[in-house]
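To start, the structure under review is shown below, and the notes come after it.
There are 2 protein chains.
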Amino acid sequence: MTMDTAIRNEEEPATLLMRRLGLEARAAAAELALASTEAKNHALCQAAANIRARSGAILAANARDLAAGKAKRLTAAMLDRLALDQARIEAIARGLEEVAALPDPVGTVLAEWERPNGLRISRVRTPLGVIGVIYESRPNVTADAGGLCLKAGNAAILRCGSESFGSSSALMSCLAAGLQAAHLHEAAIQLVPTTDRAAVGEMLRMSEFIDVIVPRGGKSLVERVTAESRVPLFKHLEGICHTYVHADADIDLARRVVVNAKMRRPGICGATETLLVDRAVAARFVPLILDDLAAAGCEVRGDDESRTLDDRIIPATPADWDTEYLDAILALRIVADLEAALDHVHRHSSGHTEAILTEDGAAAERFVTELDSAIVMVNASTQFADGGEFGMGAEIGISTGKLHARGPVGVEQLTSFKYVVRGHGQCRP
Amino acid sequence: MTMDTAIRNEEEPATLLMRRLGLEARAAAAELALASTEAKNHALCQAAANIRARSGAILAANARDLAAGKAKRLTAAMLDRLALDQARIEAIARGLEEVAALPDPVGTVLAEWERPNGLRISRVRTPLGVIGVIYESRPNVTADAGGLCLKAGNAAILRCGSESFGSSSALMSCLAAGLQAAHLHEAAIQLVPTTDRAAVGEMLRMSEFIDVIVPRGGKSLVERVTAESRVPLFKHLEGICHTYVHADADIDLARRVVVNAKMRRPGICGATETLLVDRAVAARFVPLILDDLAAAGCEVRGDDESRTLDDRIIPATPADWDTEYLDAILALRIVADLEAALDHVHRHSSGHTEAILTEDGAAAERFVTELDSAIVMVNASTQFADGGEFGMGAEIGISTGKLHARGPVGVEQLTSFKYVVRGHGQCRP
Numbered sequence: 104m105t106m107d108t109a110i111r112n113e114e115e116p117a118t119l120l121m122r123r124l125g126l127e128a129r130a131a132a133a134e135l136a137l138a139s140t141e142a143k144n145h146a147l148c149q150a151a152a153n154i155r156a157r158s159g160a161i162l163a164a165n166a167r168d169l170a171a172g173k174a175k176r177l178t179a180a181m182l183d184r185l186a187l188d189q190a191r192i193e194a195i196a197r198g199l200e201e202v203a204a205l206p207d208p209v210g211t212v213l214a215e216w217e218r219p220n221g222l223r224i225s226r227v228r229t230p231l232g233v234i235g236v237i238y239e240s241r242p243n244v245t246a247d248a249g250g251l252c253l254k255a256g257n258a259a260i261l262r263c264g265s266e267s268f269g270s271s272s273a274l275m276s277c278l279a280a281g282l283q284a285a286h287l288h289e290a291a292i293q294l295v296p297t298t299d300r301a302a303v304g305e306m307l308r309m310s311e312f313i314d315v316i317v318p319r320g321g322k323s324l325v326e327r328v329t330a331e332s333r334v335p336l337f338k339h340l341e342g343i344c345h346t347y348v349h350a351d352a353d354i355d356l357a358r359r360v361v362v363n364a365k366m367r368r369p370g371i372c373g374a375t376e377t378l379l380v381d382r383a384v385a386a387r388f389v390p391l392i393l394d395d396l397a398a399a400g401c402e403v404r405g406d407d408e409s410r411t412l413d414d415r416i417i418p419a420t421p422a423d424w425d426t427e428y429l430d431a432i433l434a435l436r437i438v439a440d441l442e443a444a445l446d447h448v449h450r451h452s453s454g455h456t457e458a459i460l461t462e463d464g465a466a467a468e469r470f471v472t473e474l475d476s477a478i479v480m481v482n483a484s485t486q487f488a489d490g491g492e493f494g495m496g497a498e499i500g501i502s503t504g505k506l507h508a509r510g511p512v513g514v515e516q517l518t519s520f521k522y523v524v525r526g527h528g529q530c531r532p
Numbered sequence: 104m105t106m107d108t109a110i111r112n113e114e115e116p117a118t119l120l121m122r123r124l125g126l127e128a129r130a131a132a133a134e135l136a137l138a139s140t141e142a143k144n145h146a147l148c149q150a151a152a153n154i155r156a157r158s159g160a161i162l163a164a165n166a167r168d169l170a171a172g173k174a175k176r177l178t179a180a181m182l183d184r185l186a187l188d189q190a191r192i193e194a195i196a197r198g199l200e201e202v203a204a205l206p207d208p209v210g211t212v213l214a215e216w217e218r219p220n221g222l223r224i225s226r227v228r229t230p231l232g233v234i235g236v237i238y239e240s241r242p243n244v245t246a247d248a249g250g251l252c253l254k255a256g257n258a259a260i261l262r263c264g265s266e267s268f269g270s271s272s273a274l275m276s277c278l279a280a281g282l283q284a285a286h287l288h289e290a291a292i293q294l295v296p297t298t299d300r301a302a303v304g305e306m307l308r309m310s311e312f313i314d315v316i317v318p319r320g321g322k323s324l325v326e327r328v329t330a331e332s333r334v335p336l337f338k339h340l341e342g343i344c345h346t347y348v349h350a351d352a353d354i355d356l357a358r359r360v361v362v363n364a365k366m367r368r369p370g371i372c373g374a375t376e377t378l379l380v381d382r383a384v385a386a387r388f389v390p391l392i393l394d395d396l397a398a399a400g401c402e403v404r405g406d407d408e409s410r411t412l413d414d415r416i417i418p419a420t421p422a423d424w425d426t427e428y429l430d431a432i433l434a435l436r437i438v439a440d441l442e443a444a445l446d447h448v449h450r451h452s453s454g455h456t457e458a459i460l461t462e463d464g465a466a467a468e469r470f471v472t473e474l475d476s477a478i479v480m481v482n483a484s485t486q487f488a489d490g491g492e493f494g495m496g497a498e499i500g501i502s503t504g505k506l507h508a509r510g511p512v513g514v515e516q517l518t519s520f521k522y523v524v525r526g527h528g529q530c531r532p
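Put into structure tokens, the structure is as follows:
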């Protein structure tokens, strides 16, 4: 492991270690910004091949992490996120190959124009520089995030949770061998070689070495990072997503979409957490959707008005409107009209994704215009809130911030730009 | 004044006052995001008319500020930035009309595509929300920044320096009357109604009310804001801009461009501070450019090699390579070749603007590719680093950051975007 992850002198304090990693990442970033597409893709494909070839070692490291996690009494959900198997390893390898297949964003001309004085100006994509990724138990983030950063020409400093350190280190060694095969800088992707929590604090302070940090994890991780970071963040705190069944909704369509939006995978950030039903269709729609949701194993917590329509509905408390369940639980509220639906969303949305189901084009336009969430949808499942589903390729997360990156954060969002101005001796009057 | 700037209860602590301004700005931003282009333009043009109509009152307020400034022994440069006259007032009014004439960025579709499953996805420009602007003595920033933020659909909280508070308040009253005439929210543009320094500290902390802060001022202001802010910044710390005269430069072109780049207006951030001259042309070029610079009144501080070529050159110290003079002083260094020029820029640039002067296309491409400053130029004066000169209209500043906004920050850079997804009942498999 010491050969492939950054080498650590056991005497070195975490702050010094991190600054050394930062310096090395800056040097790597300067080289990577000019690296050829071929070299980056070769490193990614070679890393994928290494992951397949070394799956036995990766699974063995993962088994040790899992045993330690059970001893530490991690929750079943955490252990599931930590666990690897042959299928998950194959998915990680294929993910790297898919990133290799994406167009290289670096050097793309985003806009070009000529001024009356003959100056030709172009806006050209450049890498961001050094990206820090702080994550928890999912070892696949090591390869997913490292690969995406590399493709966009950035150096990555990856900080995994202590529970997945062995698995992540095994994956890191495959990435490192890929970098080496492609003759890229060995610090292009670095895994922080310590589980010391002081390393995270230092990462959040070292804005001279890291351009942006992506926290990937639960609400408490994101809150800590937000409170402490001096480095800009691409983050999403929560996905409290709403689906609103409008008075003019197609009832059959609404039944299918709502069940999918909640129950396809209740644990992802794009899952609908609150269902708003227009009073005009509530008496008809609520019993039908309760049948569907009950059949799918979903608990429904509703307001008083909804409970008069179906006695399977459990009473909701005010906290339900602000809860990201990430589970087979749905909050339900009857609203007077579009206005009331917009008002509810304005008050309770986390700015991630909202959908309206309606056949009324004017109502749909008002919904998508007046809401300012990162993603607003008409007649579609909020579970489509995903970079892959948007056709943007792999993503490092969904940003609910408004600056720079918003919505799915894929390779293009991991870039910046510069202006190139070409003249023939122009002086400014 | 209390009618037009936000009303302040003298008993209210600065922190409470600022949070109240923040809440009002959020409410204004929600309305402004949906305001019509016509209403915004009407407010801008009406504000311009008010500024012309009330120029007497503005000049009287400015005279009081200037008298107080002289009593406080402000420097001549600060007093010049503070001073208004009829011509500067006309320029402020015309600036607002020019912003009104710009296309409205809000609602522009930036990209549109359809997925194989029939989902139609578009990326649509939205306002950022609430923008804080912290500036020093130039009262024109009140109108310039307030107008740009309004055009992009954002609410603005403006914090001027205490020395220009009277002048800025007089301008603010013209903006407020413009908002009122257009029936826009009165908190769309707010001038912080106190010179209490604690108000700035609170502004930098209230990330729930302010989406981005633009510090417009000298290095010490930007450093303070950077150290304290919990709100993202669009900033530039310094403009240490370089012009490199390559071995294959057209000497006549280089003479004209270098003099313009340094001396057209030495005090702007895009002024060249360091001239790098390739050894291959140094013996020929240095005496000629010294003639030109001496005639223009510019002091030249050079390295030892340059001083062997012309005895008018004063010895440079290492600090000169890292100094933004903003004055009629130029640092000069002879470099062995393009490689050495790139190395000098990498070490000393502040990431603002750099230019190469050369007839060699390959050298020019290498220069613009390998440098990652916000603006890189070929055969043109660095003084063109300006939103207006780029054809982007008025700007609120030049950003040397890499996130979101880089280079000139105009109306488009003061926006974010959202994704609008239109379907017909699609569920995610």
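Listed in order, the protein sequences are those of chains P and H.
By my numbering, the letter at position 71 of the first sequence is numbered 174, and the numbering carries on one by one without gaps.
By my numbering, the letter at position 6 of the second sequence is numbered 109, and the numbering carries on one by one without gaps.
In this text, a Cβ means the ideal position worked out from N, Cα and C, and glycines have one as well.
Stretch pair the region 156 to 172 of chain P + the region 189 to 200 of chain P: three plus CB contacts closer than 8 Å: yes
H/Asp353 (DSSP reduced to helix, strand or coil): The sequence position of residue 353 of chain H within the second sequence is 250, counting from 1. Coil, per DSSP.
Chain P contacts from the region 497 to 510 of chain H (Cβ-Cβ distance under 9 Å): Gly504, Lys505, Leu506, His507, Ala508, Arg509, Gly510
Three-state secondary structure (DSSP) of P/Val227: Counted from its first residue, the first sequence places residue 227 of chain P at position 124. In the structure shown, P/Val227 sits in a strand (DSSP, three-state: E or B).
Proximal residues of chain P, C-beta to C-beta of H/Pro335 below 8 Å: Taking the first residue of the second sequence as 1, we reach residue 335 of chain H at position 232. Result: Pro335, Leu506.
Per-residue DSSP class, three states only, for P/Cys401: For the purposes of this step, residue 401 of chain P is identified with residue 298 of the first sequence, where counting begins at 1. The answer is coil: DSSP assigns P/Cys401 none of H, G, I, E or B.
Beta carbon of P/Arg223 nearer than 8 Å to that of P/Thr211: For this step, residue 223 of chain P is matched to residue 120 along the first sequence. For this step, residue 211 of chain P is matched to residue 108 along the first sequence. Not closer than 8 Å, so no.
Below-8 Å beta-carbon distance, H/Val384 vs any chain P residue: Residue mapping note: residue 384 of chain H aligns to position 281 of the second sequence, counting from 1. Chain P contact via Cβ: absent.
P/Val334, DSSP secondary structure in three states: On the first sequence, residue 334 of chain P is found 231 positions in, with the first residue counted as 1. Coil.
Cβ neighbour criterion (16 or more within 10 Å) applied to H/Asn153: On the second sequence, residue 153 of chain H is found 50 positions in, with the first residue counted as 1. It is buried - the Cβ of H/Asn153 has at least 16 other Cβ atoms within 10 Å.
Any chain P beta carbon closer than 8 Å to H/Gly490: Here residue 490 of chain H corresponds to residue number 387 of the second sequence, with the count starting at 1. With 8 Å as the cut-off, H/Gly490 does not count as an interface residue toward chain P.
Contiguous beta strand (DSSP E) assignments of at least 3 residues, all confined to the region 191 to 226 of chain P: 212 to 217
Given P/Leu119 as reference, the closest of P/Met309, P/Ala204, P/Ala164 once Cα atoms are compared: As a working mapping, residue 119 of chain P is identified with position 16 in the first sequence. The option with the nearest alpha carbon to P/Leu119 is P/Met309.
DSSP-derived helix/strand/coil call for H/Asp107: Locating residue 107 of chain H in the second sequence gives position 4, counting from the first residue. At H/Asp107, the pLDDT of 44 sits below 50, so the modelled position is not reliable; the number obtained from the coordinates is stated separately. Here H/Asp107 sits in coil by DSSP.
Within-8 Å CB hit, H/His527 to chain P: Walking along the second sequence from the start, residue 527 of chain H turns up at place 424. H/His527 counts as touching chain P.
P/Gly304 versus P/Gly320: straight-line alpha-carbon distance, rounded: By one-based count along the first sequence, residue 304 of chain P stands at place 201. By one-based count along the first sequence, residue 320 of chain P stands at place 217. Their backbone Cα atoms lie some 16 Å apart in a straight line.
Proximity to P/Arg387 [Cα-Cα], best of P/Val403, P/Val348, P/Met181, P/Arg368: Residue numbering aside, residue 387 of chain P sits at position 284 when the first sequence is read from its first letter. The candidate whose alpha carbon is nearest that of P/Arg387 is P/Val348.
Proximity to H/Leu530 [Cα-Cα], best of H/Leu261, H/Gly221, H/Leu336, H/Ala174: Translated into the one-based positions of the second sequence, residue 530 of chain H becomes position 427. With the sequence shown as reference, residue 530 of chain H is identified as Cys, and Leu is not the correct amino acid for it. The residue with the shortest Cα to Cα distance from H/Cys530 is H/Gly221.
Range of the contiguous alpha helix (DSSP H) that encloses P/Gly526: What you label residue 526 of chain P is simply residue 423 of the first sequence in a count that begins at 1. Unbroken run through P/Gly526 is the beta strand (DSSP E), 518 to 529; no alpha helix (DSSP H).
Helix, strand or coil at P/Arg469 according to DSSP, with G and I counted as helix: Working through the first sequence from its first residue, we reach residue 469 of chain P at position 366. Three-state result, P/Arg469: helix.
Beta-carbon neighbours of H/Asp395, restricted to chain P and to distances below 8 Å: One-based indexing of the second sequence puts residue 395 of chain H at position 292. What H/Asp395 touches in chain P: nothing, since even the nearest Cβ is about 12 Å away.
Beta-carbon proximity of H/Gly513 to H/Glu498, cut-off 8 Å: Position 410 of the second sequence, counted from the start, is the residue given in the question as residue 513 of chain H. Position 395 of the second sequence, counted from the start, is the residue given in the question as residue 498 of chain H. Cβ atoms of H/Gly513 and H/Glu498: closer than 8 Å.
Neighbourhood of P/Glu237 by C-beta, 8 Å cutoff - its chain only, sequence neighbours within 5 removed: Counting from one through the first sequence, the residue named residue 237 of chain P turns up at place 134. Looking at the sequence shown, residue 237 of chain P is not Glu but Ile. Only Arg262, Val303, Met306, Ile316, Val317, Pro318, Arg319, Gly320, Leu324, Val328 meet the Cβ criterion.
Cutoff 6 Å; reference H/Ser519; Cβ partners in own chain excluding five residues on either side: The residue you call residue 519 of chain H lines up with position 416 of the second sequence. Only Thr229, Leu231 meet the Cβ criterion.
Local conformation of H/Val512 per DSSP, three classes: Within the second sequence, residue 512 of chain H is the residue found at index 409, counting from 1. Three-state DSSP puts H/Val512 in coil, outside helix and strand.
Below-8 Å beta-carbon distance, P/Gln486 vs any chain H residue: Walking along the first sequence from the start, residue 486 of chain P turns up at place 383. It does; some Cβ of chain H falls within 8 Å.
Assigned exposure category for P/Thr105 - 16 Cβ within 10 Å defines buried: In the first sequence, residue 105 of chain P corresponds to position 2, counting from 1. Reliability of the predicted coordinates at P/Thr105 is poor, the pLDDT of 36 falling under 50, and no value is obtained from them.
Where the region 207 to 235 of chain H meets chain P: residues whose CB sits under 7 Å from a CB there: Trp216, Arg218, Leu222, Ile224, Thr229, Leu231, Gly232
Chain-ordered chain H contacts of P/Lys254 [CB-CB under 7 Å]: Counting from one through the first sequence, the residue named residue 254 of chain P turns up at place 151. Those do not exist, as P/Lys254 stays about 17 Å from chain H at its closest Cβ, beyond 7 Å.
Given H/Ser452 as reference, the closest of H/Leu251, H/Leu187, H/Glu427 once Cα atoms are compared: Taking the second sequence and counting its residues from 1, one reaches residue 452 of chain H at position 349. The shortest C-alpha separation from H/Ser452 is found at H/Glu427.
The region 119 to 141 of chain P: positions lying closer than 7 Å to chain C by Cβ: Structure shown: chain C not included; protein chains present are P and H.
Whole runs of the beta strand (DSSP E) within the region 251 to 285 of chain H, excluding any shorter than 3 residues: 258 to 262
Beta-bridge pairing of P/Leu435 - partner residues as DSSP gives them: In the first sequence, counting from the first residue as 1, residue 435 of chain P sits at position 332. For P/Leu435, which the question treats as bridged, DSSP gives the partners P/Leu378, P/Gly405.
Member of P/Ala399, P/Met480, P/Glu115, P/Arg218 whose CA lies at the smallest distance from the CA of H/Gly490: Taking the first residue of the second sequence as position 1, residue 490 of chain H is located at position 387. Per the Cα distances, P/Arg218.
Endpoints, the alpha helix (DSSP H) within which H/Thr503 is located: Mapped onto the second sequence, residue 503 of chain H falls at position 400. Run containing H/Thr503: none; DSSP gives neither H nor E here.
Candidates P/Ser409, P/Ala434, P/Ala357: closest to P/Pro421 by CA position: On the first sequence, position 318 is the one that residue 421 of chain P refers to. For the residues P/Ser409, P/Ala434, P/Ala357, the minimum Cα distance to P/Pro421 belongs to P/Ala434.
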